[in-house]
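Remarks on the structure that follows.
2 protein chains.
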Amino acid sequence: MEADPSMVADQSLRRFLDELASSAPTPGGGGAAAVMGAMGAALVSMVCRLTIGKKDYEAVEAPVRRMLDQAEAVRQRLTDMIAADVQAFDALMGAYKLPRSSDAEKQARTEAIQHALKQATDVPLDCASACAEVIELARQVAPIGNRGVISDAGVAALSAHAALRSAALAVYINVPSIKDADFVQSRRARLDSLLARCAADNEQAYETVVGRLG
Amino acid sequence: MEADPSMVADQSLRRFLDELASSAPTPGGGGAAAVMGAMGAALVSMVCRLTIGKKDYEAVEAPVRRMLDQAEAVRQRLTDMIAADVQAFDALMGAYKLPRSSDAEKQARTEAIQHALKQATDVPLDCASACAEVIELARQVAPIGNRGVISDAGVAALSAHAALRSAALAVYINVPSIKDADFVQSRRARLDSLLARCAADNEQAYETVVGRLG
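Going down the list, the protein sequences come from chains A and B. Residue numbering for the first sequence follows numbering that gives the first Met the number 0, starting at 0 and increasing by one per position. Residue numbering for the second sequence follows numbering that gives the first Met the number 0, starting at 0 and increasing by one per position.
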């Protein structure tokens, strides 16, 4: 029995892991990426919340409050993407199953597949973009957040960076089948730019955290 | 109100994320690491399950069956660690709150803290070790698993590697406060060896996957 995709985030963690491990095609790597990204955003929020209102951190309270707002907004987007990934995959599978007995049917099916492939590319690309925001927030909070919980800023960056690279794999799967060369080129360019920027930002966040733990 | 730590994995994903983002100290980065590791193991299992029994993959069925058994065993261990991390943290906080009005109390408190710090180091180290197994399984399945879902082997490696580095941060937090030099040295050595080996294995799994997507 198929679960309602919009309810994926309302399953227990244990059941989500069971479904990830099952032979059902969804949830898969795309859903796992959205969860990792959302965990990263959640950990940025946690660091911000444990910095705001603390006497030793009054000087950074204003920027940290802004970071918290941004982290909570991006966490909401990433949580919604857990379901969006399942929906995009289901739509693609549905398009492949369309009838192809006549030329008209064949053409309609091809168009539906191309449309669904673009959707199945843009969902992980949105995920990658949201993860880049999380990494940037982790990098910003790492040097100024409450030192007592600063390792969580490092985990936030690591988790969001793994999510970004995972989302990239989902883009790579789909682009070879997409015939619209402009679409492919623009999406690849956006992805490459995100990957290049975030690899450095992630390491910077991690090193900052390690330096403050010592 | 505190939730029963052993029930963390039975919460909905949405609630887990809310608690991660909250100002409550647990679940935190350690729990997020265990979840990432368990997601990695689950994705290895999924790739194995979608390889076993497929006509084009008969030649690799025997090793892939063994990988599935190993992935499911390590997934169970990592799922249990989500709660173990919360328990270790709570035990440490409990030790810090012990009374210290007399010398006897002070000494008992110091011993309890040292014991709890060792526990709070060994839990993430076990997590790191389990994640190393997941990365090794992802590396093994990447060149032979069903190409149609092979990106999930890449996500498995990325997720388990982020989890391993996250668990390392949890070890780094605790060791500066531990007075038993032999304990610290042995744990640091084990962690450094895991980190060195797995960085290369993760990139190898990822590159193998990208090569098979092209």
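Even for Gly, the Cβ is constructed at its ideal location relative to N, Cα and C. As the structure is a computational prediction, the values presented were derived from the model and not from experiment.
query                                                                                                             : result
Per-residue DSSP class, three states only, for A:Arg138                                                           : helix
DSSP-derived helix/strand/coil call for B:Ser100                                                                  : coil
Cutoff 7 Å; reference B:Ser150; Cβ partners in own chain excluding five residues on either side                   : Val208, Leu212
Selected residue, minimal CA-CA separation from B:Val154, among A:Met6, A:Ala23, A:Ala32                          : A:Ala32
Exposure label - B:Gln139; buried when at least 16 CB within 10 Å                                                 : buried
Cβ of B:Leu16 within 8 Å of any chain A Cβ                                                                        : yes
Closest by C-alpha distance to A:Val170, when choosing among A:Thr25, A:Ala23, A:Asp191                           : A:Asp191
For A:Pro62, the first and last residue of its enclosing alpha helix (DSSP H)                                     : 60-95
Contact check, A:Ser44 vs B:Ser11, beta carbons under 8 Å                                                         : no
Cα-Cα separation between A:Ala82 and A:Ala8, rounded to whole angstroms                                           : 7 Å
Contact under 8 Å by Cβ, B:Leu77 with B:Cys126                                                                    : yes
Same chain, Cβ closer than 7 Å to B:Arg74, neighbours up to 5 away in sequence not counted                        : Ala37, Ala40, Ala41, Ser44
Which of helix, strand or coil DSSP assigns to B:Glu1                                                             : Confidence is the limiting factor: at B:Glu1 the pLDDT is only 48, short of 50, which leaves the residue's position unreliable and the question unanswerable from this model.
Interface residues of chain A facing B:Asp9 [CB-CB closer than 8 Å]                                               : Ser11, Leu12, Arg13
Exposed unless 16 or more other CB atoms sit within 10 angstroms - verdict on B:Met220                            : With chain B running from 0 to 213 in the structure shown, residue 220 of chain B is simply not present.
Proximity test, Cβ basis, 8 Å: B:Val34 and chain A                                                                : yes
Contact set for A:Leu259: own chain, Cβ-Cβ below 8 Å, skip 5 residues either direction                            : Any answer about residue 259 of chain A is impossible in this case: the structure gives chain A only from 0 up to 213.
CA-to-CA distance, A:Val148 to B:Asn173, given in whole angstroms                                                 : 12 Å
Neighbour list for B:Ala61 in chain A, Cβ cutoff strictly below 8 Å                                               : Near B:Ala61 there are no residues of chain A at all, since even the closest Cβ is about 18 Å away, more than 8 Å.
Spatial neighbours of B:Met0 in its chain, beta-carbon cut-off 6 Å, leaving aside the 5 residues before and after : Per-residue confidence for B:Met0 stands at a pLDDT of 39, beneath the threshold of 50, marking its modelled position as unreliable; no derived number is given.
DSSP state of B:Asp192 mapped onto helix, strand, coil                                                            : This sequence places Ser at residue 192 of chain B; Asp is not what is there. Note: B:Ser192 maps to helix in three-state DSSP.
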